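Shown next, in structure tokens, is the structure this report addresses.
Spelled out as structure tokens, the structure:
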């Protein structure tokens, strides 16, 4: 609870301090408010309340640490009113409710050149970036040679599940295709749910169920699998033969729609064989 001393809020209310700081950064003219006779920069409290469609009194109390905890719906409206970024919105929820907001899936529309440079720097280790719907958004040359030549596929077919269930080369490359396919479906289900993309994947799932009875069977088993961490992947490469990889999955910071997947050969001998092939 924030106390008031001489009409000024004391700084023991981090939520209130954060809200005051955010509204002070906004230009009133950009929102159609007059800039005349303002003692402090930014929006007034009543202007934020108007944009958020909440009571000015309630918003004032919120900045002063009075009136109890806000609801998630109120924080969402305030975040929109203050034009907060996703990271700022998450921080607002942590301050106001002690938890992050529910995930809202949004296709980020590709990757940055910086992420592509990260992939290329991992050479000769195969690496790729996949979306929450398991579309492959980017990859390095080692992934092209050792896994799948995604560049040769139309963009709409650069999907790991499509490859596993619809491409005969996937069955030929796996020692235990059934186990790989079952794990892939369970992990895909978890990734989509974690990213808030359950509704977004519905048309894709329906289409793949129509195209693959194996996928339809495994999808309706409703199994789930953990997707982050490390595991071993064994493949039959058409040139090098048996290869084993340790693969690790990493979240991409500030992008809930992306994961980085890195394949590390389990032996120095395999690494040398891959390097020679890439050379």
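Residue numbers (this note's numbering): 142 to 420. Even glycine gets a Cβ: it sits at the ideal position worked out from N, Cα and C. Only a predicted model underlies this, so the values are computations on that prediction, with no experimental measurement involved.
- Only residues of its own chain outside the window of five on either side were considered, and among them 388 have a CB closer than 7 Å to the CB of residue 372, listed in chain order.
- Each residue's CA atom was taken as its position, placing residue 310 and residue 331 some 26 Å apart.
- In this structure, DSSP gives residue 315 an extended state, which the three-state scheme calls strand.
- Cβ-Cβ distances below 8 Å link residue 409 to nothing in the same chain once the five nearest sequence neighbours on each side are left out.
- When the Cα atoms are used, residue 182 and residue 295 turn out to be separated by approximately 51 Å.
- Excluding five sequence positions before and after residue 324, the CB atoms of its chain that fall closer than 8 Å to its own CB belong to 366, given in chain order.
- Residue environment analysis places residue 406 among the buried positions, since at least 16 neighbouring C-beta atoms fall within 10 angstroms of its C-beta.
- In the structure shown, residue 376 adopts extended strand secondary structure according to DSSP, grouped into three states.
- By the C-beta density criterion, residue 316 is exposed, having fewer than 16 other C-beta atoms within 10 angstroms.
- Looking at the DSSP output, residue 271 shares a beta bridge with 277 and 400.
- Within the segment 155 to 238, there are no complete beta strand (DSSP E) runs of at least 3 residues.
- A straight line joining the alpha-carbon of residue 307 with that of residue 226 spans about 39 Å.
- A residue is called buried once 16 or more other Cβ atoms fall within 10 Å of its Cβ, and residue 413, having fewer, is exposed.
- Taking all protein chains in view, the Cβ of residue 253 is surrounded by fewer than 16 other Cβ atoms within 10 Å, so the residue is classified as exposed.
- When rounded, the separation of the alpha-carbon atoms in residue 380 and residue 415 is 10 Å.
- Between residue 399 and residue 301 the beta-carbon gap is near 14 Å, outside 8 Å, which marks them as no contact.
- For residue 304, the uninterrupted alpha helix (DSSP H) run begins and ends at 301 to 307, by DSSP.
- By the neighbour-count criterion, in which 16 or more other beta carbons inside 10 Å mark a residue as buried, residue 194 falls on the exposed side.
- Around the beta-carbon of residue 281, 16 or more other beta-carbon atoms lie within 10 Å, marking it buried.
- Taking 3 residues as the shortest admissible run, the segment 341 to 366 contains no complete beta strand (DSSP E) segment at all.
- By the C-beta criterion, the segment 227 to 245 is judged not to be in contact with the segment 254 to 268, since fewer than 3 inter-stretch pairs fall below 8 Å.
- Taking the CA atoms as reference points, residue 337 sits about 35 Å from residue 377.
- Taken through DSSP and simplified to helix, strand or coil, residue 251 comes out as coil.
- With fewer than 16 other Cβ atoms inside 10 Å of its own Cβ, residue 354 counts as exposed.
- Taking every protein chain shown into account, the CB of residue 178 has fewer than 16 other CB atoms within 10 angstroms, so this residue is exposed.
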